[in-house]
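Oh and the sequence shown: position 233 is 254 in the working numbering, straight run, nothing missing. The beta carbon of each residue, even a glycine, is placed where N, CA and C say it ideally should be. Structure, as structure tokens:
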Amino acid sequence: MKLNKQIAKTSYGEIEYSLMGQGEPKVILVNGAGGPLEGWIRIMPELAKTKTVFAYNRLGVGKSSNPTSKQDGITIVETLREALKRAGLQPPYLLVGHSLGGLYVQLYAKIYPSEVEAVVFAEASHPKDVKQNSSHGKEIRGLNKIFDMVDSWFPSKQLRETKFVSDTVEMIHQNGPFPNIPVYVLIGYKKNLFMPKDLFQKRVENQKELLKLSEISYLIKAEGSSHFPQVRQPELLVKTIETCADQIRQGESHSS
């Protein structure tokens, strides 16, 4: 399947995106480091049967413009927010964050809580993954090496988002609190062959801590996936997002 792509002009540059479906809620898919929007191709058509689904390429990826400023968390959140408005999508949103995208959706929800109905973390990064004390230096260097491998081809090396992950983590700590909205944490329990066992276990524990962001949180175990459940177990991620969307609708009916 080929995705229909469009361009949204923002004050940060042009953003390439794909928009499918027309229903509610509006599902916003946020990639990991350097990931193209095609990474979501196995879940978008199914979700779009009943929902509006938006996926995009951050600056420096695909046909989006190369960045002209440092790509820290707030810059990425503001760029996404502008792109959504340009695409005609008004809040609130159901945000889905994969890998490093998990930091950005967490920050978005903290800065603009009224614009976020729920968050699905899919094998998402936790601030602790990139900011640990010196006793975990080896683990963090290992994770940073993985980030660097993922987007080593990034065109503007000094501006790429992985250079500013520590800044993004500080922004997460400085903003908030996180709203008491539905949070689903989907974790891949199949260890990646290239990831040291201790780092893998640490990442699983860190992801479980994301459940503490809200009183309305749920853990989903993707037993057949490592770091890319949207590829390995797309049906499970679709089901998770569908369940989250149903919960949003039930909440609206109860409050009306």
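Bridge partner(s) assigned by DSSP for residue i
{"i": "glutamine 27", "result": "Tyr38"}
{"i": "leucine 240", "result": "Val206"}
{"i": "lysine 47", "result": "Thr73 and Tyr114"}
{"i": "histidine 119", "result": "Ala143"}
Residue i versus the options, residue with shortest Cα-Cα distance
{"i": "glycine 44", "options": "Tyr133, Lys260 and Lys72", "result": "Lys72"}
{"i": "glutamine 251", "options": "Glu182, Ala54, Met65 and Gly34", "result": "Met65"}
{"i": "serine 32", "options": "Glu263, Tyr77, Leu232 and Ser86", "result": "Ser86"}
{"i": "valine 190", "options": "Leu220, Ala145, Leu124 and Ile241", "result": "Leu124"}
{"i": "lysine 23", "options": "Pro88, Ser246, Tyr38 and Gly272", "result": "Tyr38"}
{"i": "glutamate 144", "options": "Leu214, Arg224, Asp219 and Leu220", "result": "Arg224"}
{"i": "proline 255", "options": "Ile193, Thr96 and Glu67", "result": "Glu67"}
{"i": "histidine 18", "options": "Ile95, Glu263, Glu59 and Arg63", "result": "With the chain running from 22 to 277 in the structure shown, residue 18 is simply not present."}
Cβ-based neighbour list, residue i, same chain, cut-off 6 Å, excluding 5 preceding and 5 following
{"i": "valine 126", "result": "Val51, Leu116, Gly118 and Val140"}
{"i": "serine 238", "result": "Val204 and Leu232"}
{"i": "isoleucine 49", "result": "Phe75, Tyr114 and Leu116"}
{"i": "glutamine 268", "result": "Pro203"}
{"i": "leucine 58", "result": "Ser39, Ala76, Tyr77 and Asn78"}
Residues of its chain near residue i, where Cβ-Cβ distance is below 8 Å and the 5 sequence neighbours each way are ignored
{"i": "glutamine 92", "result": "Arg79, Leu80, Gly81, Leu180, Arg181, Glu182, Lys184 and Phe185"}
{"i": "glutamate 230", "result": "His147 and Lys149"}
{"i": "isoleucine 241", "result": "Tyr205, Val206, Leu207, Ile208, Leu257 and Thr261"}
{"i": "methionine 192", "result": "Asp93, Gly94, Ile95 and Leu128"}
{"i": "glutamine 27", "result": "Glu37, Tyr38, Ser39, Leu40 and Ala108"}
Residues near residue i in its chain [Cβ-Cβ closer than 7 Å; skip 5 each side]
{"i": "asparagine 227", "result": "His147, Lys149 and Asp150"}
{"i": "asparagine 25", "result": "Ser39"}
Cβ distance (whole Å) where residue i is taken to contact residue j below 8 Å
{"i": "phenylalanine 142", "j": "leucine 207", "result": "7 Å"}
{"i": "alanine 54", "j": "serine 120", "result": "6 Å"}
{"i": "leucine 40", "j": "alanine 108", "result": "6 Å"}
{"i": "glycine 34", "j": "proline 112", "result": "At roughly 22 Å, the Cβ-Cβ gap does not stay under 8 Å, so glycine 34 and proline 112 are not in contact."}
{"i": "serine 247", "j": "lysine 212", "result": "7 Å"}
{"i": "glutamate 138", "j": "proline 198", "result": "That belief does not hold up - the Cβ atoms of glutamate 138 and proline 198 are roughly 17 Å apart, past 8 Å."}
Within the chosen definition, does the region 128–140 reach the region 199–217 through at least 3 CB pairs nearer than 8 Å?
Note that the region 128–140 touches the region 199–217; at least 3 beta-carbon pairs, one per stretch, sit closer than 8 Å.
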